[in-house]
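These notes concern the structure reproduced below.
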Amino acid sequence: MLPLGLYLHIPFCRSRCSYCDFNTYVGMENLHESYVRALCCEIRAAGQSPHLVHTGAGVPPRAATIFFGGGTPSILQPAQLGEAIHACRETFDLPDDAEITVECNPGTIDLAYLRALQAEGVNRLSFGAQSADPGELRMLGREHGFVDVIAAVKAARTAGFDNVSFDLIFGLPHQSLDSWRRTLNAALPLQPDHISLYALTVEHGTPLHDWVRRGEVPYPDPDAAADMYDLAEEMLGQAGYVHYEISNWCRPGRECAHNLIYWRNEPYLGFGPGAHSSSIRRRWWNIRRPADYIARIERSASVEMGSEDIDERTSRGETMMMGLRLLQEGVSYARFAQRHGVDIREVFGEQLRAGQAKGLLELLPDRARLTPRGRFLSNQVMMSFV
Amino acid sequence: MNQIRNFCIIAHVDHGKSTLADRLLEATGTVTVREMQAQLLDSMDIEREKGVTIKASAVRMLYKANDGQTYEMNLIDTPGHVDFGYEVSRALAACEGALLVVDASQGIEAQTLANLYLALDANLHIIPVINKIDLPHAQPDVVAKEIADLLGDDPDSVLRISAKEGIGIQDVLERIVKEVPAPKGDPDAPLQALIFDSHYDAYKGVVAYARLFNGRLTMKTRLRLAATGATFEPIEIGTFTPRMTITGELAAGEVGYIATGFKSVRECRVGDTLLDHNRPAEPLHGYKPAKPMVFAGIYPTVTEDYPALRDALEKLQLNDASLSFVPETSTALGFGFRVGFLGMFHMEIVKERLEREYDMDIVVTAPSVEYEAVLSNGEVIKVDRPSDMPSGDRLVEMREPWMKIQIFTPKEYVGPIMDLVTKRRGETLGMEYLDEQRLVMTYRLPLSEMIVDFYDRLKSVTRGYASLDYSFDSYRAGDLVKMDVLINGDPLDSMALITHRDEAQHKGIALTRKLKEVIPRQMFEVPIQAAIGSKIIARTTVSAMRKDVLAKCYGGDITRKRKLLEKQKEGKKRMKMLGSVEIPQEAFMAMLKLEE
Ligand SMILES: Nc1nc2c(ncn2[C@@H]2O[C@H](COP(=O)(O)OP(=O)(O)OP(=O)(O)O)[C@@H](O)[C@H]2O)c(=O)[nH]1
Ligand code: SF4
Ligand SMILES: [Mg+2]
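Below is the structure:
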């Protein structure tokens, strides 16, 4: 079995952003301690999970990465995150230099905090920067300013982190191409090792969705978003970044190892409320509410909420859907054959040719990948494989 | 036979026919209180859901009257909606009397009159009944006077009841017994039975609803259908109580059913006469076949469903004698059917029944009326599909159907109604007061102007107070042109429409604009044009799609991502292709949804 990606969900935030539909909760500080205990419990129990026992008794399963996502992982104390890392190391066979990422709120951390993280073994930081424009940050409901991002990145460097990423959001209501350019121009001099640029999606159940529905905020213009994407492509390219995934750029060699596991449709385990796991043939996910989660773990009850068996046909489709997100690597024919035991051209020949004919897919001798045009229209291609 | 009473209940829509039928079923003990449910005779799902009767239903009740005698009462509940006047007229032919129900709070409405005239034409004895006297704003005296004026009766003789509260039901039954004539006819004469309705049963085949005028019918009688010549022996004979109950025989004067075993409407048509094969009599006067007023294409969403759709339409026709259809093809939609309907409500019902009862996934095109084209060789052809309209020198004249319409309304809405009707090329024929408050406005109006949300607009400008009746008037020549719709340069035949020349430009602009809204962006720019002949009169463009991407990776929630794509793919599959352009189903109905 391939080494696992380990995802640890921290379902707490200090305040709720207007666009966010993640499984996260505000005002549950009282749960932090018991939550960390429960999380560690779930991790340790996974060593015995029936879905993973390929290794044989006494041999821990191999893992490759740890990713603390949220929510806001940096709402916890470094020592608490450290406990969870420790639980992972005890349960899984994890290389010393494994990538360990923590998502951080740039407004609430300082040098001391980051140093402590470093000491716990964290080696990659991801900051939710989102925008350099104060008005946009306000609309998004972010409590920090861009100065906080600058300070955070500086502190990260001082603390010795050489793998720093941040997220920006584009395609916002009212956002102009110029304002987007200003955000990029503010972000690039910070020389992050990795940048994620997400086109805003107006998700059901968010305040933003209500505003749009009531007409208080215009629905984001898809053409404007496309222009912004093109601009980012150009500016980041000039700054030396590789566009390696639809929404992700990095300095050469600094791809996010954890996310590559998803995109390559490889196995991963998610811990914490609402987290998803995949053992290739089966995918399952946890109950969503932290209090229920903790209570169940304390009772040694299962926290699994649902699951899906992934048959071979579905799995092939997912390999395409996820793999094509990798813009350089794409889906390798050899890897596909190895993984699924069939020639990709046999099962997907028609779809590949159709995608090529539409100018959305590029068929190289050894792999298929999206064309530059296909990147922002990727659903049009991916749809044909599922 | 002296103990038989055949009657139907007629009224304007929602005046309470089916509710009165409920009470009669209860009062006669036909249905126990425990079995009772509101509007019991509305047995189709769609009827129950919409609270509207669509199909007439017959039921036999036994009633012990005050005179000590027991009577066989055959009741037929009829629909009130204007589209189903044909259904009413068929029911009338099976009866000697009719209960004319009028809502005490609304008074005489359009179908009250229309159905009353049908009943008088059929020589039925009319018993007027004012219903809903329990309503706080009921005006039984005013309504009684209206009715008395209409029938030349005494206002005091008009029954006053509440079907809902069960007030006055006994009186209704007594009046029926006393006033509705017993059927005439000779049970020993050769058989003559009129088929006034039918439904289809998977085991028993076509089940014919018949009224026997002469003779009798047993399981041994070899039967013949007068018009089609088909012969058969009954599989089952019985009456509706209201469930189908086997009696094994029926005699002159009675109403019941005969299961024929036939699998299609070709052998056994509504309106035909059942005869004894060995003692054939003259056929009865049937009905004029229903005349469809609006036509639309119905296509399967996926082409493979074509045979299933044909099957479904055939089966539906067995339950709905007014439905007609022939095969047609379309550039974007492939193989389907041109279906004729009695009106827009009928069309909506057929569409829903196909979807729900027959589980069909269908596309319905915008409806058209039936035009007449006079050709240069003197021939007159019918055109019920706009793309078939002849052009050039071959065409001498186009004619379109005009209707005579009557609008019943409180007087304060006269202005808005006049506005609405004139905007739609209507001509005033007259205006007449019913009482101080209400009047009837009579117009002539092109049918094509009526099928595009006229009824909804009328309801909305009169806040629901107006009612409408219409009947065919005549074909009249008009300056009519065919407007083609071109998508990405290709004409889309199912979207072509025939319109008055003066409105072409305006309609072209509205239609192309609407299409731009409903046609999703494609991988390339798609021009949409409206044209008359080779002249483009309106155009818009659906610009190319530039963004269709799932941005964020939700911590491993790949299932959600895949589901989103699957849903999108599902939607795409339902699209119709014109060349390489994907056209959603609602585009074919865009014509009905234009801004005024
Ligand atoms: N208050 C009151 N409501 C009644 C009475 N009779 C019927 N209704 C209501 O009027 C509505 C229409 O009743 P139906 O019996 O379905 O009317 P209908 O004439 O059969 O209607 P169609 O078959 O659609 O033409 C229902 O909501 C009934 O509950 C009555 O005596 N009093
Ligand atoms: S910080 Fe992140 S997880 Fe928390 S509310 Fe904002 S967007 Fe959602
Ligand atoms: Mg009814």
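Protein chains in written order, with the working numbering: chain X, 896 to 1281; chain Z, -4 to 591. C-beta: ideal position from N, C-alpha, C; glycine also.
For residue i: DSSP bridge partner residues
| i | result |
| --- | --- |
| Z/D129 | Paired residue(s): none; Z/D129 is not in a bridge. |
| Z/M426 | Z/M436 |
| Z/E395 | Z/R471 |
| Z/G292 | Z/R333 |
| X/W1179 | X/S1172 and X/S1202 |
| Z/H495 | Z/L475 |
| Z/Q187 | Z/N209 and Z/L270 |
| X/Q1025 | X/L1063 |
| Z/P405 | Z/R433 |
| Z/A505 | Beta-bridge pairing links Z/A505 to no other residue. |
| Z/C3 | Z/I71 and Z/A93 |
| X/A1094 | X/F1065 |
| X/C1145 | X/H1089 and X/V1137 |
Straight-line gap, residue i to residue j (C-alpha atoms, nearest Å)
| i | j | result |
| --- | --- | --- |
| Z/V513 | Z/M584 | 10 Å |
| X/E1129 | X/P1001 | 27 Å |
| Z/Q101 | Z/A133 | 8 Å |
| X/A1047 | X/L1103 | 27 Å |
| Z/K454 | Z/I241 | 45 Å |
| Z/K140 | Z/E44 | 35 Å |
| X/A993 | Z/G329 | 59 Å |
| Z/A595 | Z/E323 | There is simply no residue 595 of chain Z to check, as chain Z begins at -4 and stops at 591 in what is shown. |
| X/V948 | X/V921 | Any answer about X/V948 is weak, because its pLDDT of 49 lies below 50 and its placement is not dependable; what the coordinates show is given next. Each residue's Cα considered, the two are about 37 Å apart. |
| Z/S13 | Z/Y66 | 21 Å |
| Z/V97 | Z/G46 | 17 Å |
| Z/V26 | Z/M68 | 14 Å |
| Z/L589 | Z/Q524 | 16 Å |
| X/C935 | X/A979 | 5 Å |
| X/G1225 | X/N1143 | 14 Å |
| Z/L349 | Z/A225 | 28 Å |
| Z/E262 | Z/V202 | 12 Å |
| Z/E444 | Z/L587 | 11 Å |
| Z/L218 | Z/L270 | 6 Å |
| Z/A184 | Z/G210 | 5 Å |
| Z/F191 | Z/L145 | 28 Å |
| Z/G200 | Z/F227 | 12 Å |
| X/R909 | X/D916 | 15 Å |
| Z/F79 | Z/S462 | 15 Å |
| Z/K127 | Z/G75 | 16 Å |
| X/G1067 | X/S929 | Checking the displayed sequence, the identity of residue 1067 of chain X turns out to be Leu instead of Gly. The straight-line gap from Cα to Cα measures roughly 38 Å. |
| Z/E367 | Z/M393 | 6 Å |
| Z/L424 | Z/P123 | 29 Å |
Candidates the options, of which the one nearest residue i by Cα
| i | options | result |
| --- | --- | --- |
| Z/K258 | Z/T213, Z/A247, Z/F290 and Z/A307 | Z/A307 |
| X/K1253 | X/R984, X/S1273 and X/H1235 | X/S1273 |
| Z/G387 | Z/E343, Z/A51 and Z/S529 | Z/S529 |
| Z/D284 | Z/A291, Z/E299, Z/L318 and Z/F403 | The displayed chain sequence assigns Pro, not Asp, to residue 284 of chain Z. When only C-alpha atoms are compared, the closest one is Z/L318. |
| X/A1054 | X/D1088, X/I1175, X/L1012 and X/G1066 | X/L1012 |
| Z/D356 | Z/Y301, Z/P295, Z/D464 and Z/C90 | Z/P295 |
| Z/P150 | Z/G161, Z/K159, Z/I125 and Z/I5 | Z/I125 |
| Z/L256 | Z/D196, Z/V250 and Z/K567 | In the sequence as displayed, the identity of residue 256 of chain Z is Gly instead of Leu. Looking at the Cα atoms, Z/D196 is the closest of the given residues. |
| Z/V476 | Z/T360, Z/P381 and Z/V8 | Z/P381 |
| X/S1060 | X/E1161, X/L901 and X/A1152 | X/A1152 |
| Z/R155 | Z/V175, Z/P176, Z/L130 and Z/Y198 | Z/L130 |
| Z/S193 | Z/Y204, Z/L186, Z/Q187 and Z/K199 | Z/Y204 |
| Z/R0 | Z/E249, Z/D468 and Z/R389 | Z/E249 |
| X/M849 | X/F1056, X/A1007 and X/L1095 | The shown model of chain X, from 896 to 1281, leaves out residue 849 of chain X, and the question about it has no answer. |
| X/G1169 | X/A1121, X/L1219 and X/P906 | X/P906 |
| Z/A633 | X/A1121, X/H981 and X/N1018 | Nothing can be reported for residue 633 of chain Z: it is not among the residues displayed for chain Z, which extend from -4 to 591. |
Beta-carbon neighbours of residue i, restricted to chain A and to distances below 7 Å
| i | result |
| --- | --- |
| X/N1274 | Among the protein chains in the structure shown, which are X and Z, there is no chain A. |
Contact belief for residue i with residue j at Cβ below 8 Å, rounded distance in angstroms
| i | j | result |
| --- | --- | --- |
| X/L989 | X/L1164 | X/L989 to X/L1164, Cβ: 12 Å. No contact. |
| X/A937 | X/I1192 | Note that residue 937 of chain X is Glu in the sequence shown here, rather than Ala. At roughly 6 Å, the Cβ-Cβ gap stays under 8 Å, so X/E937 and X/I1192 are in contact. |
At 4 residues or longer, what runs of the alpha helix (DSSP H) sit wholly inside the segment 936 to 1004 of chain X? The segment 936 to 1004 of chain X contains these whole alpha helix (DSSP H) runs: 973 to 986.
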